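J.: With the first letter of the sequence shown counted as 1, position 294 gets the number 294 in full-length UniProt numbering; the numbers rise by one all the way through.
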Amino acid sequence: MFNNISQVQEFIKQNNIKFIDFKVVTLPGRWNHLTIPVERLSEKTFSEGIGFDGSSYGYSTIEDSDMRFLPDMTTAFVDPYCKIPTLSMIANMYTLGKNEGRFSGDPRFIAEKAEKYMRELGIADEYAIGPEFEFYIFDHINYEVTSHHQEVFIDSKQAPWNTNNKEENFGYKAPFQKSYHLGLPYDLNNDLRSEICLKLEEMGIAVKYHHHEVGSAGQLEVEVELGEMTKMADATMMAKHLIKNEAVAHGKTATFMPKPLFGEAGSGMHVHMLLRKNGKNLFFDENGYSQMSETALYFIGGILKHSKALLAFTNPSTNSYKRLVPGFEAPVSICFATGNRSAVIRIPGYIKDPEARRFEFRPSDATANPYLAYSAILMAGIDGIENKINPTVEGFGPYDVNVFDLPEEERNKIETLPRSLDEALEELKKDSSFLLKGNVFDEHFINTWIKFKYEKEIKKVIPVPSPIEFQLYYDL
1 MFNNISQVQE
11 FIKQNNIKFI
21 DFKVVTLPGR
31 WNHLTIPVER
41 LSEKTFSEGI
51 GFDGSSYGYS
61 TIEDSDMRFL
71 PDMTTAFVDP
81 YCKIPTLSMI
91 ANMYTLGKNE
101 GRFSGDPRFI
111 AEKAEKYMRE
121 LGIADEYAIG
131 PEFEFYIFDH
141 INYEVTSHHQ
151 EVFIDSKQAP
161 WNTNNKEENF
171 GYKAPFQKSY
181 HLGLPYDLNN
191 DLRSEICLKL
201 EEMGIAVKYH
211 HHEVGSAGQL
221 EVEVELGEMT
231 KMADATMMAK
241 HLIKNEAVAH
251 GKTATFMPKP
261 LFGEAGSGMH
271 VHMLLRKNGK
281 NLFFDENGYS
291 QMSETALYFI
301 GGILKHSKAL
311 LAFTNPSTNS
321 YKRLVPGFEA
331 PVSICFATGN
341 RSAVIRIPGY
351 IKDPEARRFE
361 FRPSDATANP
371 YLAYSAILMA
381 GIDGIENKIN
391 PTVEGFGPYD
401 VNVFDLPEEE
411 RNKIETLPRS
421 LDEALEELKK
431 DSSFLLKGNV
441 FDEHFINTWI
451 KFKYEKEIKK
461 VIPVPSPIEF
471 QLYYDL
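1. Closer than 6 Å by C-beta to residue 305: which residues in its own chain qualify, once you throw out the five before and the five after it? Chain order, please.
2. Which of the three DSSP states is assigned to residue 158 in this structure?
3. Could you please give the first and the last residue of the uninterrupted alpha helix (DSSP H) stretch that includes residue 471?
4. Can you pull the DSSP bridge partners for residue 88?
5. Contact defined as beta carbons within less than 8 Å: I believe residue 238 pairs with residue 77. What is the distance between those atoms, to the nearest angstrom?
6. With a 10 Å radius around its C-beta and 16 neighbouring C-beta atoms as the bar for buried, classify residue 332 as buried or exposed.
7. Taking the Cβ atom as the reference point for each residue, do residue 211 and residue 186 lie within a distance shorter than 9 Å?
8. Roughly how many angstroms separate the alpha carbons of residue 175 and residue 330, rounded to a whole number?
9. At the level of alpha carbons, what is the spacing between residue 36 and residue 109?
10. Can the beta-carbon of residue 334 be found less than 9 Å from the beta-carbon of residue 118?
11. Within this structure, are the beta carbons of residue 208 and residue 223 separated by less than 9 Å?
12. Residue ranges of each beta strand (DSSP E) run of no fewer than 3 residues wholly in the region 144-200, ordered along the chain?
13. On the DSSP letters alone, give me the boundaries of the alpha helix (DSSP H) that residue 32 sits inside.
14. Terminal residues of the continuous alpha helix (DSSP H) containing residue 14?
15. Do residue 387 and residue 298 have their C-beta atoms closer together than 9 Å?
16. In the DSSP assignment, find the unbroken alpha helix (DSSP H) run with residue 55 in it and report its ends.
17. Rounded to a whole number of angstroms, what is the C-alpha to C-alpha distance between residue 429 and residue 167?
18. Excluding the 5 residues preceding and the 5 following residue 3 in the sequence, name in chain order all residues of the same chain whose CB lies nearer than 8 Å to its CB.
19. Could you tell me the boundaries of the alpha helix (DSSP H) in which residue 118 lies?
20. Given a threshold of 16 other Cβ atoms within 10 Å of its Cβ, counted over all protein chains shown, does residue 24 qualify as buried or as exposed?
21. What do you reckon, are the CB atoms on residue 34 and residue 48 nearer than 9 Å?
22. Would you grab the beta carbon distance between residue 157 and residue 188 for me? Rounded to a whole angstrom, and I think it's under 8 Å.
23. According to the neighbour-count rule (16 or more other Cβ atoms, all chains shown, within 10 Å of its Cβ), is residue 140 buried or exposed?
24. Suppose the cutoff is 7 Å on Cβ atoms and the five residues either side in sequence are ignored; what does the same chain contact list for residue 145 look like?
25. In this structure, does DSSP put residue 477 in helix, strand or coil?
26. What would DSSP say about residue 66, mapped onto helix, strand or coil?
27. Can you tell which of 353, 313 and 397 has its C-alpha closest to the C-alpha of residue 343?
28. Please report the straight-line C-alpha distance between residue 340 and residue 277, rounded to a whole angstrom.
29. Would you report the Cα separation of residue 433 and residue 302, rounded to the nearest angstrom?
30. Alpha carbon to alpha carbon, how far is residue 241 from residue 19?
31. Quick one: is residue 359 buried, meaning 16 or more other Cβ sit within 10 Å of its Cβ, or exposed?
32. Use the C-beta contact count for residue 8: other C-beta atoms within 10 angstroms, 16 or more gives buried, fewer gives exposed.
33. Could you have a look at residue 410 and say whether DSSP puts it in helix, strand or coil?
34. In three-state terms, what does DSSP make of residue 345?
35. Near residue 51, what residues of its chain come up, given a Cβ to Cβ distance below 6 Å and the 5 sequence neighbours on each side ignored?
36. Would DSSP call residue 261 helix, strand or coil?
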């Protein structure tokens, strides 16, 4: 938004800004923030930064936790959910002491390094991506986990389970698992989505469209136009911030959990992508398979070859693997195809414009830290180009049929994605060298990520008995 502090100060004056808010991404992918009165903002804020405790963000140990962050003024936006006029900026993390400088484990820095590495290799000038944000908006949720009580209760006014509701029931309930592009009056969140999209546009994020998704209990989608990777990771953080807060402003609650409801459609974050060089789309070839160039196919080959390890970053929650099961639109088969939603890589058949010809990576979901997920996908694609990994030679297809309709013998030839976060982390341990090239990721960071996921998430989930276990085993 701004290129120098004079522009910042002028904007502050013209818009009666009272506070400056700095947003810093935690290791798992949430925004923490710190706010200062506008009078405290100076050139030193941008050159020297503000100190903080890195251990509270998941990055460092308590004995070595002093860090600082420096705001990036180009990311500035007015936060529409602060009652007092507040200008927000995303900040970059820096280490102190003998290794003072950009913190190598800052997810935003990792994304910048990945883009820089791609350009240094001469592969492309731009890695353009466009995520699809799928999420549920509920009217109510409560949950509790104690030693003697585990409970989750979710409600949605438009859900089919409310057909017999005696209060405020007008009879228009969304059909179970058949609510894709649901119309009014069934779609109770249409105006809310429009509000979200208007605010995204105001924040500089171009919206392609919005609509109701398959899930009947308020599953929605907002898709944005493609942009440069790091900027789109910023946009992903901004979009999640905006969607959650807009839901609260309407007396509702939004979740990006991949599988909040048993039996209903899960929420993913499909990532569309292409490479550009000198303004030209490197993925288009009129004579190639599905008009895909050799470069595009090598990029696909790299992603598919490393897809099991990629899931440690693109699907990094235990809940992610409740979505990645056979039978739903979420892909589990490591293959590519045109227009086939059961494939990990899908080439949309409806895109005819040569400059827009692209493919999408379908497994990912929004529990990912977007900087890490997008960077890992890029590094896998780069490895595919460098090593000329032909996806057909590797046995990845194309499979232009529903994989689940193939004869069992043929289907068993196709490798499948990990079935749990534990399994995905084990795959990352075995296959991480492609991420280390160009010092984009480093071994310390990957080990930190694996340890964090095991210690802070998997070990918390494993010992908790679930209600279905009581249904299955209580009377044995």
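All C-beta atoms, glycine included, are put in the ideal place defined by N, C-alpha and C. The model shown is predicted, which means the values in this text are computed figures rather than measured ones.
T.: On the basis of the supplied data:
1. 389
2. coil
3. 467-473
4. 21 and 77
5. 7 Å
6. buried
7. no
8. 20 Å
9. 24 Å
10. no
11. yes
12. 150-155
13. Looking at the DSSP string, residue 32 is not in any alpha helix (DSSP H); the run it does join, the beta strand (DSSP E), is 31-37.
14. 5-14
15. yes
16. Residue 55 -> no alpha helix (DSSP H), and no H or E assigned at all.
17. 53 Å
18. 73 and 74
19. 107-120
20. buried
21. no
22. 6 Å
23. exposed
24. 464
25. The question about residue 477 has no answer, for the chain in this structure spans 1 to 476.
26. strand
27. 397
28. 28 Å
29. 13 Å
30. 18 Å
31. buried
32. buried
33. helix
34. strand
35. 68
36. coil
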